[in-house]
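Participant: Here the sequence shown stands for residues 19 to 552, where the numbers follow the numbering used here. Don't be surprised by glycine CBs; every beta carbon is placed ideally from N, CA and C. Because the structure is a prediction, the values reported are computed rather than measured.
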Amino acid sequence: MKIPKTMMTQHPDNAVEYISIQQEPEEALFSLLPQDLGGLGIDEVMIDFEGKLTPYHQPLQVANELFYNGLIPGKDVFITPRLSSADKETVFRQIMCIMAAVETNFSMFEKTQYQAIKEVIVPMCESSKDLIDTLSRIQSVIELGNKNFSIKFNEDTINIIPLFEDVVSLVNIDNLLEEFIDGLKNKPKYIRFMIGRSDSALSYGMVSSVLAVILSISKAKELEKRHPTKIYPIMGCGSLPFRGQLTFENIENFLKTYSGIKTVTIQSALRYDHGFEKTRSLVKYIEQNIDKYKAKEFSKEEISIIKDFISIFTKYYLKSFLKIAETAANISIFIPKNRDRLAASKKGLSYHREFVDLNKFATIIENEKTKEEILEIDTTLNVNIPRAISFTAAMYTIGMPPEFLGTGRALREIKNKYGDFGIEKLIEIYPQIKNDMEFALKYANPNITKRFIAEEVRKEYEIDIALTREILNLDFDMEANIENSFYHTLLKTARPILLHLLGKESQILDNNCQEYNILKELIIKLGSIRGGLG
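(1) Give every residue of the same chain whose Cβ lies closer than 8 Å to the Cβ of Val185, excluding the five residues on either side of it in the sequence, and list them in chain order.
(2) Can you give me the Cβ contacts of Ser546 inside the same chain, cut-off strictly under 8 Å, excluding the 5 residues immediately before and after it?
(3) Quick check on Lys20: does DSSP put it in helix, strand or coil?
(4) Please tell me whether Cys338 and Val475 are closer than 8 Å, where the distance is taken between their beta carbons.
(5) Could you tell me which of Glu173, Leu149 and Lys165 sits nearest to Gln133, measuring between CA atoms?
(6) Let me check understanding here. Comparing Cα to Cα, which of Phe85, Gln40 and Glu305 lies closest to Glu128?
(7) Arg215: which of Ile252, Phe316 and Ala346 sits nearest, CA to CA?
(8) Within its chain, find whatever has a CB closer than 7 Å to the CB of Glu196; leave out the 5 residues flanking it on each side and keep chain order.
(9) Identify the residues that DSSP records as bridge partners of Pro180: which are they?
(10) Report yes if the CB atom of Pro30 is closer than 8 Å to the CB atom of Phe96, and no otherwise.
(11) Spatial neighbours of Tyr448 within its chain, please: CB distance less than 8 Å, with the 5 preceding and 5 following residues excluded, ordered by chain position.
(12) Under 7 Å Cβ to Cβ from Leu153, same chain only, skipping five residues before and after it: list those, please.
(13) Following the continuous beta strand (DSSP E) through Val282, name the residue where it begins and the one where it ends.
(14) Give, in chain order, every unbroken run of the alpha helix (DSSP H) that is at least 4 residues long and sits entirely within the stretch 343 to 418.
(15) Using CA atoms only, rank isn't needed, just tell me which of Arg111, Gly69 and Met126 is closest to Ala81.
(16) Have a look at Gly57 and Leu47 and give me their C-alpha separation to the nearest angstrom.
(17) Pop quiz: Pro77 and Ile65 are said to be a contact at Cβ under 8 Å. What is the actual Cβ separation, rounded to whole angstroms?
(18) Residue range of the alpha helix (DSSP H) that Gly426 falls in?
(19) Would Ala118 and Tyr74 be called neighbours here (beta carbons separated by less than 8 Å)?
(20) Taking contact to mean 3 or more Cβ pairs, one atom from each stretch, closer than 8 Å, check whether the stretch 419 to 435 and the stretch 484 to 501 are in contact.
(21) Could you check what DSSP says for Val159 in three-state terms: helix, strand or coil?
(22) For the alpha helix (DSSP H) containing Tyr222, list its first residue and its last residue.
(23) Please state whether DSSP places Arg298 in a helix, a strand or coil.
(24) Have a look at Lys365 and Glu121 and give me their C-alpha separation to the nearest angstrom.
(25) Mind checking whether Gly278 and Ser317 have CB atoms under 8 Å apart?
(26) Can you tell which of Tyr36, Asp54, Thr72 and Lys93 has the C-alpha that lies nearest to the C-alpha of Glu62?
(27) Taking Cβ positions, are Leu519 and Glu533 nearer each other than 8 Å?
(28) So the alpha helix (DSSP H) Pro77 belongs to, where does it begin and stop?
(29) Does DSSP put Phe494 in a helix, in a strand, or in coil?
(30) Could you check the C-alpha separation between His370 and Ile342 for me, to the nearest Å?
(31) Any idea what DSSP makes of Lys129, helix, strand or coil?
(32) Mind the definition here: the stretch 403 to 421 touches the stretch 458 to 476 only if three or more C-beta pairs lie below 8 Å; say whether that holds.
(33) According to DSSP, what are the bridge partners of Glu62?
(34) Going by beta carbon distance, what residues of the same chain come within less than 6 Å of Phe272, once the five residues before and after it are set aside?
(35) Using DSSP with H/G/I as helix, E/B as strand and the rest coil, what is Phe573?
(36) Identify the residues that DSSP records as bridge partners of Tyr208: which are they?
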């Protein structure tokens with residue numbers, strides 16, 4: 019099978035356009051059509067059932083759209099649903115998603131003689147048992163289809179793509195994948211796994227996420243050397259640095275940093291906020307160059323250093339994150355919702371993610387002092403943590419890009435502990451760190467954050483920015499940028515409206531509805547300038 023190099027997704031990270039579920043089949047067609055036919059030329063579409071109100075018949079709708087426009091799903095292009103989580107949603111809902119994939123295969127095979135859907139993505143994988151249980155459900159549904167239709171599919175015709183979104187899972191990727199492969203009755207020729215850059219950043223901080231991802235790609239390649247099964251990583255990432263900074267302008271840095279990946283997600287912000295022409299250029303560049311970048315190889319000593327870096331960055335990130343989590347959750351309510359997603363509550367049809375498990379995280383920390391410091395952190399929260407896109411957008415909206423949370427203080431500890439060698443090693447492992455921080459620096463404005471967060475936390479954030487600029491030697495005039503940038507003028511305009519709607523300031527306009535609409539337009543404009551909502 020051809021391994022797709024680009025995967026279009028339905029993430030709501032774009033600022034400028036709301037995409038309804040009714041528009042998504044046509045959106046998929048446009049994205050997958052070859053560029054010489056006016057499309058974007060993307061290889062694969064991820065139809066998203068996770069935490070989203072996607073109709074169960076959408077895979078078949080998309081398959082039919084492709085077929086009637088001259089593309090054969092499963093041969094020319096690929097449809098890969100992301101199932102709902104059996105644990106975070108329900109087993110029944112996951113089975114319904116599987117039935118949608120199986121229905122598509124039976125229906126399309128009659129027209130094309132090709133199996134339209136060959137793989138499904140399983141989110142939030144933390145053990146091989148999660149995968150084996152899902153595989154068993156897939157096989158049961160295929161068996162049910164075989165009993166009711168004249169076409170017969172083998173029970174192992176739909177493979178699983180595990181999605182790992184947790185730093186601990188990413189660091190232990192070789193063990194998890196090996197257990198999964200060993201548990202399969204029929205060993206596959208290849209397996210794809212997906213990396214969740216966003217959620218690992220939300221729970222552990224951006225730098226910890228990047229380091230865990232890089233380590234996971236390397237470990238997967240080492241595992242491949244011990245197994246006949248080929249392993250192909252998929253990088254799930256967005257356009258802002260906190261979620262990966264996959265953009266046309268940054269593509270060379272991106273491929274150097276995440277060398278060894280075989281597929282990248284082309285999310286909504288790229289397509290709508292960066293524009294179709296840049297997206298076409300990016301897709302073409304990835305097609306031509308992604309295979310030139312080989313996975314990094316690390317010695318045991320380097321792996322220990324990476325784990326130590328992860329533990330240090332996570333420690334400082336969590337200390338800051340826990341102080342601003344409630345503010346971020348409150349502001350996230352005002353972030354425009356550009357897809358039809360499930361409510362973030364625990365009532366009825368809803369979707370909820372748990373926060374970081376420090377005891378589990380401690381299992382990968384080798385330094386006893388750091389382990390002790392991390393286990394002392396109280397992670398009790400009385401709010402639902404927003405999803406990564408809403409969190410990122412909320413933080414940017416108050417002039418506080420989350421890329422800096424704890425980063426400066428972590429860099430200082432690494433420099434004190436390892437000297438210049440530590441910083442040089444970090445940059446060697448994570449080549450785009452300066453680009454990531456310089457991007458975020460353009461949109462940082464600690465003065466805007468006054469009254470949104472406690473003054474002590476705001477001062478910590480200022481220290482993080484100052485230390486990051488100093489230690490990474492970032493040559494960017496932040497003060498002049500704040501004074502002269504139109505973006506920062508918009509931030510200042512949005513601030514009093516947002517403070518009032520949060521109950522921290524008196525009413526400005528005649529009614530809340532008026533204020534909300536103006537705030538929404540400002541948030542959209544800010545996101546558009548950044549090249550992504552969150």
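Facilitator: With the structure as the only source:
(1) Here the question's residue 185 lines up with position 167 in the sequence shown. So the list reads Ser218, Ser221, Tyr222, Ser226, Ser227, Ala230, Ile328, Thr332, Phe379 and Ile382, once near-sequence residues are dropped.
(2) Mapped onto the sequence shown, residue 546 falls at position 528. If we look at Ser546 and ignore the five residues flanking it on each side, its Cβ neighbours are Ala33, Val34 and Asp291.
(3) The residue given as residue 20 occupies position 2 in the sequence shown. Coil.
(4) For the purposes of this step, residue 338 is identified with residue 320 of the sequence shown, where counting begins at 1. For the purposes of this step, residue 475 is identified with residue 457 of the sequence shown, where counting begins at 1. First, the amino acid is wrong: residue 338 is Ser here, not Cys. Taking 8 Å as the Cβ cut-off, Ser338 and Val475 qualify as a contacting pair.
(5) Here residue 133 corresponds to residue number 115 of the sequence shown, with the count starting at 1. Ranking Glu173, Leu149 and Lys165 by Cα distance to Gln133 puts Glu173 first.
(6) In the sequence shown, counting from the first residue as 1, residue 128 sits at position 110. When each option's Cα is compared against that of Glu128, the closest is Phe85.
(7) Taking the first residue of the sequence shown as position 1, residue 215 is located at position 197. The shortest Cα separation from Arg215 among Ile252, Phe316 and Ala346 belongs to Ile252.
(8) Mapped onto the sequence shown, residue 196 falls at position 178. Around Glu196: Leu241.
(9) To locate residue 180, count along the sequence shown from 1; it is residue 162. DSSP, once it has assigned bridges, lists Val140 as partnering Pro180.
(10) Looking up residue 30 in the sequence shown gives position 12. Looking up residue 96 in the sequence shown gives position 78. No.
(11) Position 430 of the sequence shown, counted from the start, is the residue given in the question as residue 448. Closer than 8 Å at the Cβ level, and outside the excluded window around Tyr448, lie Val225, Val228, Leu229, Ile232 and Thr275.
(12) As a position in the sequence shown, residue 153 is number 135, starting the count at 1. Excluding positions up to five away in sequence, the list reads Ile178.
(13) Taking the sequence shown and counting its residues from 1, the one referred to as residue 282 is at position 264. It spans Thr281 to Ile284 - the beta strand (DSSP E) in which Val282 sits, taken as one unbroken run.
(14) Within the stretch 343 to 418, the complete alpha helix (DSSP H) runs of at least 4 residues are 376 to 380, 386 to 393 and 406 to 415.
(15) Start at 1 with the first residue of the sequence shown, and residue 81 comes out as number 63. Here the closest residue by C-alpha is Met126.
(16) As a position in the sequence shown, residue 57 is number 39, starting the count at 1. As a position in the sequence shown, residue 47 is number 29, starting the count at 1. Distance between the alpha carbons of Gly57 and Leu47: 8 Å.
(17) Taking the sequence shown and counting its residues from 1, the one referred to as residue 77 is at position 59. Taking the sequence shown and counting its residues from 1, the one referred to as residue 65 is at position 47. So it is a contact: roughly 5 Å between Cβ atoms.
(18) Taking the first residue of the sequence shown as position 1, residue 426 is located at position 408. Residues Thr425 to Tyr436.
(19) As a first step, residue 118 must be located in the sequence shown, where it is residue number 100. As a first step, residue 74 must be located in the sequence shown, where it is residue number 56. It is a contact, given that the beta carbons lie within the stated cut-off.
(20) yes
(21) As a working note, residue 159 is residue 141 in the sequence shown. DSSP places Val159 in helix when its eight states are reduced to three.
(22) Within the sequence shown, numbered from 1, the residue matching residue 222 stands at position 204. Arg215 to Tyr222 is the extent of the alpha helix (DSSP H) around Tyr222.
(23) In the sequence shown, residue 298 corresponds to position 280, counting from 1. Of the three classes helix, strand and coil, the one that applies to Arg298 here is helix, per DSSP.
(24) In the sequence shown, residue 365 corresponds to position 347, counting from 1. In the sequence shown, residue 121 corresponds to position 103, counting from 1. Per-residue confidence for Lys365 stands at a pLDDT of 43, beneath the threshold of 50, marking its modelled position as unreliable; no derived number is given.
(25) On the sequence shown, residue 278 is found 260 positions in, with the first residue counted as 1. On the sequence shown, residue 317 is found 299 positions in, with the first residue counted as 1. No, these two residues do not count as a Cβ contact at 8 Å.
(26) To locate residue 62, count along the sequence shown from 1; it is residue 44. Comparing Cα-Cα distances from Glu62 to each of Tyr36, Asp54, Thr72 and Lys93, the minimum goes to Lys93.
(27) The count along the sequence shown starts at 1 and reaches residue 519 at position 501. The count along the sequence shown starts at 1 and reaches residue 533 at position 515. Contact: yes.
(28) What you label residue 77 is simply residue 59 of the sequence shown in a count that begins at 1. Segment Gln76 to Tyr86, the alpha helix (DSSP H) holding Pro77.
(29) Taking the first residue of the sequence shown as 1, we reach residue 494 at position 476. In the structure shown, Phe494 sits in coil (DSSP, three-state: anything other than H, G, I, E or B).
(30) Your numbering for residue 370 matches position 352 in the sequence shown. Your numbering for residue 342 matches position 324 in the sequence shown. No answer about His370 holds up, because its pLDDT of 47 lies below 50 and its placement is not dependable.
(31) The count along the sequence shown starts at 1 and reaches residue 129 at position 111. Helix at Lys129.
(32) yes
(33) For the purposes of this step, residue 62 is taken as residue 44 along the sequence shown, with counting starting at 1. Beta-bridge pairing links Glu62 to Met25 and Phe96.
(34) Position 254 of the sequence shown, counted from the start, is the residue given in the question as residue 272. If we look at Phe272 and ignore the five residues flanking it on each side, its Cβ neighbours are Leu264.
(35) Lying outside 19 to 552, the shown extent of the chain, residue 573 is not represented and no answer is given.
(36) As a position in the sequence shown, residue 208 is number 190, starting the count at 1. For Tyr208, which the question treats as bridged, DSSP gives the partners Lys248.
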